[in-house]
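One structure below.
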Amino acid sequence: MTKISTREEIIRKGAELIHAQGFNATGIQQILQTVGIPKGSFYFYFKSKEDFGLEIIDYFGAMINGIITHYLGDKKIPPIQRMERLFEFFEAAFKENGHTQGCPIGNLSLELAGTNERLRVHLKDVIEALIAQVESCLEEGKRDGSIPSDLKTYDTARLIFYGFEGAILHMKVTKNIEPFRAFRSYLTGYFENIKAREKK
Numbered sequence: 001m002t003k004i005s006t007r008e009e010i011i012r013k014g015a016e017l018i019h020a021q022g023f024n025a026t027g028i029q030q031i032l033q034t035v036g037i038p039k040g041s042f043y044f045y046f047k048s049k050e051d052f053g054l055e056i057i058d059y060f061g062a063m064i065n066g067i068i069t070h071y072l073g074d075k076k077i078p079p080i081q082r083m084e085r086l087f088e089f090f091e092a093a094f095k096e097n098g099h100t101q102g103c104p105i106g107n108l109s110l111e112l113a114g115t116n117e118r119l120r121v122h123l124k125d126v127i128e129a130l131i132a133q134v135e136s137c138l139e140e141g142k143r144d145g146s147i148p149s150d151l152k153t154y155d156t157a158r159l160i161f162y163g164f165e166g167a168i169l170h171m172k173v174t175k176n177i178e179p180f181r182a183f184r185s186y187l188t189g190y191f192e193n194i195k196a197r198e199k200k
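Every letter in the sequence shown is one number past the one before it in full-length UniProt numbering, and letter 61, counting from 1, is 61.
Below, the structure is given as structure tokens:
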């Protein structure tokens, strides 16, 4: 493998391990063994495990951002329906992995925010970028008239994201999809109320 492809493979394999078992529980040697490169090669590509953590956060952020963009960027359907389809996708994905892994960015936030300031700040920036996509979708709905013009999109986008992450956390604890289904059910009712308000 080239230097660039080896680096990308370390990030990809490392992300898989970290998503499954956590950042602190994943050792550098374990990652290198999984990739199949010699001991000590890690520091040829990354200055420290903390710097590697920044790359992992970016990797997960880009992955989630791509999913959100795919659904919320679909101009063929109204903004609210896009969000409903987005969370339908996430429910199916969580069911497929057995309700245990959850959101990688949420997992890292719980694990690292209280112990590493540099990683905490980077997580915050990635999360804000994800929330901004939801807010932008809501703003589009205001512009096309499908969402009331007085809706506070800043607050609503954050409420949706906080509910999303909270539902995932409870889903992991219970090892059951029901908390996420409850979140989706509430969100569907909320969106129905929004659409009903706009029709009046």
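Note that CB positions come from ideal geometry on N, CA and C, so glycine has one too.
Taken through DSSP and simplified to helix, strand or coil, residue 180 comes out as helix.
Boundaries of the alpha helix (DSSP H) around residue 122: 117–144. In this structure, DSSP gives residue 49 a helical state, which the three-state scheme calls helix.
The DSSP-derived three-state label of residue 97 is coil.
Closest in alpha carbon position to residue 138, among 152, 126, 128 and 129, is 152. DSSP places residue 24 outside both helix and strand once states are collapsed to three, so it counts as coil. Counting along the chain, the unbroken alpha helix (DSSP H) around residue 168 starts and ends at 153–174. Beyond the five residues adjoining it in sequence on each side, residue 23 comes within less than 8 angstroms, by CB distance, of 53, 56, 108, 111 and 112 in the same chain, given in chain order. At the C-beta level, residue 68 and residue 134 come within 9 angstroms of one another. Between residue 147 and residue 79, the C-beta spacing is below 9 angstroms.
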